[in-house]
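*Asks:*
In my numbering, the protein residues as written are 227 to 799.
1) Taking just the CA atoms, how far does residue 798 sit from residue 781?
2) Using the beta-carbon count (16 or more within 10 Å), is residue 226 buried or exposed?
3) List the DSSP bridge partners of residue 454.
4) Taking the alpha-carbon of residue 656 as reference, which of 719, 735, 623 has the nearest alpha-carbon?
5) For residue 764, which residues of its own chain have a beta-carbon under 6 Å away from its beta-carbon, when the five flanking residues on both sides are left out?
6) Which same chain residues, not among the five before or five after residue 648, have their C-beta less than 7 Å away from its C-beta?
7) Which residues does DSSP list as the beta-bridge partners of residue 594?
8) Nearest to residue 332 by CA position, among 386, 448, 428, is which residue?
9) Helix or strand or just coil, what does DSSP make of residue 626?
10) May I have the straight-line CA-CA distance separating residue 724 from residue 490, to the nearest angstrom?
11) On the criterion of 16 or more Cβ atoms from any shown chain inside 10 Å, does residue 518 qualify as buried, or is it exposed?
12) Thinking residue 450 and residue 503 are a contact (beta carbons under 8 Å), I'd like their distance in whole angstroms, please.
13) Comparing C-alpha positions only, which one of 794, 418, 347, 507 sits nearest to residue 582?
14) Is residue 406 close to chain B, meaning its C-beta is less than 8 Å from at least one C-beta of that chain?
15) Residue 433 to residue 374, Cα distance in whole Å?
16) Beta-carbon within less than 6 Å of residue 319's beta-carbon, same chain only, minus the 5 sequence neighbours each way: which residues are those?
17) Quick one: measure Cβ to Cβ for residue 728 and residue 525, integer angstroms, because I've assumed they're closer than 8 Å.
18) Within 8 Å, do at least three Cβ pairs link the region 562-578 to the region 379-386?
19) Just reading off the alpha helix (DSSP H) that residue 211 is part of, what are its end residues?
20) Indicate the three-state DSSP secondary structure (helix, strand or coil) for residue 797 in the structure shown.
21) Using a 10 Å radius around the Cβ and a threshold of 16 neighbouring Cβ atoms, would you call residue 299 buried or exposed?
22) Output needed for residue 704: all residues of its chain with C-beta closer than 7 Å, excluding positions within five of it in sequence on either side, in chain order.
23) Let's test the definition: count the other Cβ atoms within 10 Å of the Cβ of residue 495 and tell me whether it reaches 16, buried, or not, exposed.
24) Going straight from the alpha carbon of residue 269 to that of residue 371, what length do you get?
25) What does the Cβ neighbour count give for residue 257, buried or exposed, with the cut at 16 atoms within 10 Å?
26) Would you decide whether residue 308 is buried or exposed? Buried here means 16 or more other CB atoms lie within 10 Å of its CB.
27) So, at 7 Å on beta carbons, what are the nonlocal neighbours of residue 365 in its own chain, with the 5 sequence-adjacent residues on each side left out?
28) CA-CA distance, residue 663 and residue 454?
29) Taking 7 Å as the limit between beta carbons, can you name the residues of its chain near residue 446, skipping five residues before and five after?
30) Looking at residue 541: is its Cβ nearer than 8 Å to the Cβ of residue 427?
Structure, rendered in structure tokens:
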């Protein structure tokens, strides 16, 4: 469990990552404790501006579409008398510097990637300190990527060998891992994060095959190098690679073109490249990827192409080859996604502009920001009224949203409360406007209970449906992931990769709305997450590995069944 007592325990030669979670209760008591840590805000004039922002949205664009809301953020700032700083971040509660305490390397161009240096000022806190071993692994990786990445002689030599069909891996100075995008943005980010960890563990260079809808989302994460796979990469038709492909690891095993048996693997040549299909629906032979003996074999392959749409980090903990490195990099198990997400993902300037404009116009004024992310899955739909009731029931259970008076607010009540209590901004993120409209109407028609302060409810966009393959849709989705990650409190939807990413970036353990079963509202509306780690959704995982195994008792203590998906697993401390 997390030690909140301030003790610095040791494991071998490095300090255990010390948790700095605030020692507080849940609900209103927790938020009252938080208020003591926050700086004073602007006062009545500024709050009047906050309360009028929803009306200004209606006047300037209203329901006319998501782009109008994003574009009018700067206009609304000007209408507030210039008192709102568009880029107005608050100082980090932990005083974290712009390099996240050494997680990021210095030297990147500030102009080409503003978010890399500015984002640390927006986050509330980081609950852990990165281990010295993780920091060293990241610096070693950056040097390797700069040495072996596109445009280097080593890369050119490896490409020439691949074109010729050579499988002489012994002479290869660099080994590569090509990530192939699949599924929606949240899935892609979790998959890419997992794949980067795999590259760290296997000393490979990560390259990203960037599709049109994935461009201009993120900055280059590695100083002085690119992670983009050049367009002249010699493997053709990568978009068609799948579980049936002859080059897949499972099919290569079945056809005897590669062996995972120690007695034959040492002498058998390996193909110039291998495709690892790790997405949903993978066969048992593809699941062997997560076995120790198979990792030894794959370690001989120069080019490994990987397609995945899952957060598969928990499965890497079951590979003996990686056990010690994972322990030294992440003494706190639940910090994996948090550290790697903050290291790897930095929104492009165009996306970051959307984030800072919206934050400065709508959220920066509030003393407390509450993020509410609602995802209605096609297989678990319920009426909007039922979902709203579930959100409010969860809020009452966990003390998330401000309580309201039973009677309609009398004229002047909200005004009199402005200067006396804290201000709160509720950010609703959903494909649909229904939940935002209902929550907004609740606080328009009812005053917050005594001490609840002023409440503003905001929603950046409502696209109505997920539009895969569209860059503008992905840019707005990414902006909203980051806006959620700047929250003090998070209410997300169980099983949502969008929510997982927001929680990981925020460094918060969210409360998760239970997903409907058979189109019925769950009896228990929500559950508080045991850790901020995402759930691994790989179900029906039943492969039996041979060879060296990890300590299963220790693994069982840190890999548990997910709160939101009984057939999934996640890391806990």
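Here a beta-carbon is modelled for each residue, glycine too, at the ideal position from N, C-alpha and C. All of these numbers come straight from a predicted model, not from anything done at the bench.
*Replies:* Taking the structure as given:
1) The residue labelled residue 781 in the question sits at position 555 within the chain shown. The residue labelled residue 798 in the question sits at position 572 within the chain shown. Using only the alpha carbons, I get a separation of about 10 Å.
2) Summary: the structure shown does not reach residue 226, with the chain confined to residues 227 through 799, and so no result is reported for it.
3) The residue labelled residue 454 in the question sits at position 228 within the chain shown. Residue 454 is bridged by DSSP to 434.
4) As a working note, residue 656 is residue 430 in the chain shown. That would be 719, whose Cα lies nearest to the Cα of residue 656.
5) To locate residue 764, count along the chain shown from 1; it is residue 538. Same-chain partners within the cutoff: 536.
6) As a first step, residue 648 is located in the chain shown; it is residue number 422 there, counting from the start. Taken in chain order, the residues that qualify are 261, 593, 594, 679.
7) Position 368 of the chain shown, counted from the first residue, corresponds to residue 594. Answer by DSSP bridge pairing, in chain order: 650.
8) Your numbering for residue 332 matches position 106 in the chain shown. The shortest Cα separation from residue 332 among 386, 448, 428 belongs to 448.
9) Position 400 of the chain shown, counting from 1, holds the residue named residue 626. In this structure, residue 626 counts as coil in the three-state DSSP scheme.
10) Taking the first residue of the chain shown as position 1, residue 724 is located at position 498. Taking the first residue of the chain shown as position 1, residue 490 is located at position 264. Between residue 724 and residue 490, the C-alpha separation is close to 44 Å.
11) Here residue 518 refers to the residue found at position 292 of the chain shown. With 16 or more other Cβ atoms within 10 Å, it is buried.
12) The count along the chain shown starts at 1 and reaches residue 450 at position 224. The count along the chain shown starts at 1 and reaches residue 503 at position 277. That belief does not hold up - the Cβ atoms of residue 450 and residue 503 are roughly 33 Å apart, past 8 Å.
13) Here the question's residue 582 lines up with position 356 in the chain shown. Minimum Cα-Cα distance from residue 582 among the listed residues 794, 418, 347, 507 corresponds to 347.
14) The structure shown contains no chain B, having only a single protein chain.
15) Indexing the chain shown from 1 puts residue 433 at position 207. Indexing the chain shown from 1 puts residue 374 at position 148. Approximately 11 Å between the Cα atoms of the pair.
16) For the purposes of this step, residue 319 is taken as the residue at position 93 of the chain shown. Caution is warranted here: a pLDDT of 43 is assigned to residue 319, below 50, making its placement in the model unreliable, and no coordinate value can be reported.
17) For the purposes of this step, residue 728 is taken as the residue at position 502 of the chain shown. For the purposes of this step, residue 525 is taken as the residue at position 299 of the chain shown. The Cβ separation is near 35 Å, so there is no contact.
18) Proximity of the region 379-386 to the region 562-578 falls short of the contact definition, fewer than three beta-carbon pairs being nearer than 8 Å.
19) Past the edges of the chain, shown from 227 to 799, lies residue 211, and the structure says nothing about it.
20) In the chain shown, counting from the first residue as 1, residue 797 sits at position 571. Strand.
21) Taking the chain shown and counting its residues from 1, the one referred to as residue 299 is at position 73. Unreliable placement is indicated for residue 299, whose pLDDT of 46 sits below 50; the coordinate value is still reported in the next sentence. Burial call: buried.
22) As a working note, residue 704 is residue 478 in the chain shown. Excluding sequence neighbours, residue 704 sits near 411, 443, 573, 577.
23) To locate residue 495, count along the chain shown from 1; it is residue 269. Looking at its Cβ environment, which holds fewer than 16 other Cβ atoms inside 10 Å, residue 495 is exposed.
24) Taking the first residue of the chain shown as 1, we reach residue 269 at position 43. Taking the first residue of the chain shown as 1, we reach residue 371 at position 145. Confidence at residue 269 is low in this model, with a pLDDT of 41, below 50, so its placement is unreliable and no value can be given for it.
25) Translated into the one-based positions of the chain shown, residue 257 becomes position 31. Model confidence at residue 257 stands at a pLDDT of 48, short of 50, so the residue's coordinates are unreliable and nothing is read from them.
26) Taking the chain shown and counting its residues from 1, the one referred to as residue 308 is at position 82. With a pLDDT of only 34 at residue 308, under 50, the local geometry of the prediction cannot be trusted, and the value read off the model is given with reservation. Exposed: under 16 other Cβ atoms inside 10 Å.
27) If you number the chain shown from 1, residue 365 lands on position 139. These residues qualify, in order along the chain: 331.
28) Counted from its first residue, the chain shown places residue 663 at position 437. Counted from its first residue, the chain shown places residue 454 at position 228. The alpha-carbon atoms of residue 663 and residue 454 are separated by roughly 41 Å.
29) Here residue 446 refers to the residue found at position 220 when the chain shown is read from its first residue. Here residue 446 has 452, 453 as same chain residues with Cβ atoms under 7 Å from its own Cβ, once five neighbours each way along the sequence are excluded.
30) Residue numbering aside, residue 541 sits at position 315 when the chain shown is read from its first letter. Residue numbering aside, residue 427 sits at position 201 when the chain shown is read from its first letter. No, the pair does not count as a contact, with Cβ atoms beyond the cut-off.
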